[in-house]
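S.K.: Would you mind keeping the following structure in view while I ask a few things?
There are 2 protein chains.
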Amino acid sequence: MKKHVVGIDIGGTKLATVVADNSGKILSKVRRPTFADKGSEYAIQLLFEMVDETITKANLKQEAISGIGVSCGGPLDTKTGIVYSPPNLPGWDAFPLKTRLETEFQIPATIENDANASALAEYRFGGGRGYNTVLYMTMSTGIGGGIVINGQIFHGANDSAGEVGHQILLPNGPLCGCGKHGCLEAICSGPAIARRAKEAIQKQSNTTILALADGHIETVKSEHVLAAARQGDALALKLIDETAYYMGWGIANLVNILNPDIVLLGTIAIAAGDLLLQPIRKTVSDFAMARPAEAVKIMPAQLGESLGDLATIALVV
Amino acid sequence: MKKHVVGIDIGGTKLATVVADNSGKILSKVRRPTFADKGSEYAIQLLFEMVDETITKANLKQEAISGIGVSCGGPLDTKTGIVYSPPNLPGWDAFPLKTRLETEFQIPATIENDANASALAEYRFGGGRGYNTVLYMTMSTGIGGGIVINGQIFHGANDSAGEVGHQILLPNGPLCGCGKHGCLEAICSGPAIARRAKEAIQKQSNTTILALADGHIETVKSEHVLAAARQGDALALKLIDETAYYMGWGIANLVNILNPDIVLLGTIAIAAGDLLLQPIRKTVSDFAMARPAEAVKIMPAQLGESLGDLATIALVV
């Protein structure tokens, strides 16, 4: 009986493989560093070994596996399963990931961009359960997004739908990793919050943010801003309010365009909780049209540490 | 054989009813002024008469009609068919349009917001044929939008999806009809273009726009700006470029979020053609991410004068 699935999570720093039963319960897991500098061929051989090891660790044989779900940084083509040079995976240039896995294991593989897979996991197992229109937004190194409509990932014309972090709010604003200026990501991602904090500290030293980063301005991170804000530090609270204003503005636009039942925010929003979520909700209510604003809930994502694993599994159970 | 359908187009100034065969060919049409000040009960009785008259005019009997499609200004609820106080229809407060029509004619009625119905018509009969992800944007009195995914209108949580004209670009910008500031609509709709023209003319009289509006600044419309731009008037060309910049910025955000195969622009964009479309395409290419920008075509909508009729018919054939 093929009642189990394999999940593969391919990140820039780590690879993880899991085996789960068809309810999504994780039975075994193997992790390795990605060694991104060794390229795609090294990684695929490593993944083949890891999958075998994970199946064995679950006391199963390969015959028990019905499908492989893969969550990977994009851009990628979900139909062909080809991965096109993700920024965090040097050397993965038009790499035929789906075909390589299917040839090796003779099991169907589903390849998905990590933000989309995470959105589907939140819909299947987390905060999006029971909602027809779900928007999931990461808020960490970057601001990614995934849209789930009636239980299906919305892919758009060429698997690029949901790049919500690259809506431009300030065309003359800070440079974004994508090469444009003033994207939501360039203002509100973790590194962007840290950059704004550093700029502010250089103008105004009266803040506990620096002490929390052991006195070194170059080590200031968004975590230090959050910690300082929790202690009531005025500059940190101003930075958080600024972040909430731009996040709220961006989400209000998404609420008008997509009319989601729920917007689930990851990582930084989970860590910050209501400190960030309350002013975000206020800005959305100020900026979005009344009818879609009334319909939407803005909540932290629910899957936390298990999101990466469940993102791979959600694709195949 | 029930091979025919009725379409009803409810606007703030005119009502139209059509009968079409099941290929979408219009067989008869009746038009009346809306007399919006007389309210919903007057209008529904008038529509009952108009539908009967249109069926008779097509040499059919009511038994030949399989469905009624209704295109109406929103907000409205497509499931219940209740219309909630559209700005252009005073007195239509929680008006049970679907139930009233179904009770009168004993035929199923489908009620849809006019921008969504237009998007579906472009998908079925116009510029969106053959594309999986279609974004239609009106560009006239307001900037509305409709999203068609795999042949279905995307409604979102409460029929508010596609309010693309109310994405905010300039939070400190001009007041919008929706009560917010700096929406795309408040910058690029027909009245917004006219407002910017009037403001510019007051500062700089060296333009042919004013002469084209018979010398009266209060009668300046977007049409005069377009006509002056075609004659090479510098101020008019600047206003058109400005319009294209903001439209392109807004569309680039939509391209990143929705990854459409095609964006179809109505009314003003059709009238302006490449004068407006070329600089819009340039800005989208500058502002959107490379992969979704490569996938999208930005084109004038195709249905022109017949859009209103076909919008109603597309809902039921």
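If you're matching them up, the sequences are chains A and B in order.
According to the numbering used here, the first sequence holds residues 1 to 317 in order.
According to the numbering used here, the second sequence holds residues 1001 to 1317 in order.
The beta-carbon is built from N, C-alpha and C at its ideal position, and this holds for glycine as well.
Mind listing which residues of the region 1257 to 1287 of chain B have their C-beta closer than 7 angstroms to chain A's C-betas, in chain order?
M.R.: ILE1257, LEU1258, ASN1259, PRO1260, ASP1261 and PHE1287
S.K.: Under 8 angstroms, Cβ to Cβ, is there at least one residue of chain B near GLY162/A?
M.R.: On the first sequence, position 162 is the one that residue 162/A refers to. By this cut-off, GLY162/A is an interface position.
S.K.: Excluding the 5 residues flanking LEU239/A on each side, which residues of the same chain have their C-beta closer than 7 angstroms to its C-beta?
M.R.: Numbered from its first residue, the first sequence carries residue 239/A at position 239. Result list for LEU239/A: ILE193, ARG196, ALA197, ALA200 and VAL225, in chain order.
S.K.: Going along chain B, which residues have a C-beta under 9 angstroms from ALA295/A?
M.R.: Your numbering for residue 295/A matches position 295 in the first sequence. Within 9 angstroms Cβ-Cβ: GLY1156, ALA1157, ASN1158 and SER1160.
S.K.: Going by DSSP in three states, THR243/A sits in which element: helix, strand or coil?
M.R.: Position 243 of the first sequence, counting from 1, holds the residue named residue 243/A. Helix.
S.K.: Please name the residue or residues paired with ILE1168/B in a DSSP beta bridge.
M.R.: Your numbering for residue 1168/B matches position 168 in the second sequence. Beta-bridge pairing links ILE1168/B to CYS1183/B.
S.K.: For the beta strand (DSSP E) that MET289/A lies in, which residues bound it at each end?
M.R.: Residue 289/A sits at position 289 when you count from the first residue of the first sequence. Careful: MET289/A lies outside any beta strand (DSSP E) and carries neither H nor E.
S.K.: Starting from the N-terminal side, write out each stretch of the alpha helix (DSSP H) that is 4 residues or longer and does not extend beyond the region 1083 to 1108 of chain B.
M.R.: 1097 to 1105
S.K.: Contact criterion: CB-CB distance below 8 angstroms. Does ASN1132/B meet it with respect to chain A?
M.R.: For the purposes of this step, residue 1132/B is taken as the residue at position 132 of the second sequence. Interface annotation, ASN1132/B: in contact with chain A, CB-CB separation under 8 angstroms.
S.K.: Name the chain B residues whose beta carbon is nearer than 8 angstroms to that of LEU254/A?
M.R.: Position 254 of the first sequence, counting from 1, holds the residue named residue 254/A. Here the neighbours are ILE1257.
S.K.: Which whole-angstrom value is the C-beta distance of ILE270/A and MET247/A, which I expect to be below 8 angstroms?
M.R.: What you label residue 270/A is simply residue 270 of the first sequence in a count that begins at 1. What you label residue 247/A is simply residue 247 of the first sequence in a count that begins at 1. Rounded, the Cβ-Cβ distance is 13 angstroms, inconsistent with contact.
S.K.: How would you list, in chain order, the residues of chain A whose beta-carbon sits under 7 angstroms from the beta-carbon of PRO1075/B?
M.R.: Within the second sequence, numbered from 1, the residue matching residue 1075/B stands at position 75. Here the neighbours are ARG291.
S.K.: Buried or exposed for HIS166/A, please, with buried defined as at least 16 other CB atoms from any protein chain shown within 10 angstroms of its CB.
M.R.: Locating residue 166/A in the first sequence gives position 166, counting from the first residue. With 16 or more Cβ atoms within 10 Å of its Cβ, HIS166/A is classed as buried.
S.K.: Could you tell me the distance, in whole angstroms, from the CA atom of GLU102/A to the CA atom of TRP92/A?
M.R.: As a first step, residue 102/A is located in the first sequence; it is residue number 102 there, counting from the start. As a first step, residue 92/A is located in the first sequence; it is residue number 92 there, counting from the start. Rounded to whole angstroms, GLU102/A to TRP92/A spans 18 angstroms at the Cα level.
S.K.: Indicate whether at least one CB of chain A lies closer than 8 angstroms to the CB of PRO1171/B.
M.R.: The sequence position of residue 1171/B within the second sequence is 171, counting from 1. It does; some Cβ of chain A falls within 8 angstroms.
S.K.: Alpha carbon to alpha carbon, how far is ASP1077/B from ASP1114/B?
M.R.: Within the second sequence, the letter at position 77 stands for residue 1077/B. Within the second sequence, the letter at position 114 stands for residue 1114/B. Roughly 13 angstroms separates the two Cα atoms.
S.K.: Should ILE1143/B be flagged as near chain A, meaning a C-beta pair shorter than 8 angstroms?
M.R.: For the purposes of this step, residue 1143/B is taken as residue 143 along the second sequence, with counting starting at 1. No, because no Cβ of chain A sits closer than 8 angstroms to the Cβ of ILE1143/B.
S.K.: How would you call SER1040/B, buried or exposed, if buried means at least 16 neighbouring beta carbons within 10 angstroms?
M.R.: Indexing the second sequence from 1 puts residue 1040/B at position 40. It counts as buried.
S.K.: Decide yes or no for the touch test of the region 296 to 312 of chain A against the region 256 to 267 of chain A: beta carbon pairs closer than 8 angstroms, at least 3 of them.
M.R.: Output reads yes: the region 256 to 267 of chain A touches the region 296 to 312 of chain A.
S.K.: Assuming contact is defined by CB atoms lying nearer than 8 angstroms, are VAL19/A and MET50/A in contact in what I supplied?
M.R.: The residue you call residue 19/A lines up with position 19 of the first sequence. The residue you call residue 50/A lines up with position 50 of the first sequence. It is not a contact, given that the beta carbons lie outside the stated cut-off.
S.K.: For GLY304/A and LEU277/A, I'd like the C-alpha separation in whole angstroms.
M.R.: Taking the first sequence and counting its residues from 1, the one referred to as residue 304/A is at position 304. Taking the first sequence and counting its residues from 1, the one referred to as residue 277/A is at position 277. Taking the straight line joining both Cα atoms gives about 16 angstroms.
S.K.: Considering only residues of the same chain and omitting the five flanking positions on each side of PHE154/A, which have a CB-CB separation below 6 angstroms?
M.R.: The residue given as residue 154/A occupies position 154 in the first sequence. The answer, listed in chain order, is ILE147 and ALA161.
S.K.: In terms of residue numbering, what span does the alpha helix (DSSP H) encompassing THR1078/B cover?
M.R.: Indexing the second sequence from 1 puts residue 1078/B at position 78. No alpha helix (DSSP H) contains THR1078/B, which DSSP labels as neither H nor E.
S.K.: Let me see if you follow: with CB-CB separation under 8 angstroms, is LYS180/A close to chain B or not?
M.R.: The count along the first sequence starts at 1 and reaches residue 180/A at position 180. LYS180/A counts as touching chain B.
S.K.: Name the residue from GLU112/A, VAL83/A and LEU89/A whose alpha carbon lies nearest to the alpha carbon of PHE95/A.
M.R.: On the first sequence, residue 95/A is found 95 positions in, with the first residue counted as 1. Closest by alpha carbon: VAL83/A.
S.K.: Hey, how far is the Cα of LEU175/A from the Cα of ASP1214/B?
M.R.: Residue 175/A sits at position 175 when you count from the first residue of the first sequence. Residue 1214/B sits at position 214 when you count from the first residue of the second sequence. The alpha-carbon atoms of LEU175/A and ASP1214/B are separated by roughly 47 angstroms.
S.K.: Determine the burial state of ILE217/A: buried for a count of at least 16 other Cβ atoms within 10 Å of its Cβ, exposed for fewer.
M.R.: The sequence position of residue 217/A within the first sequence is 217, counting from 1. Under this definition ILE217/A is an exposed residue.
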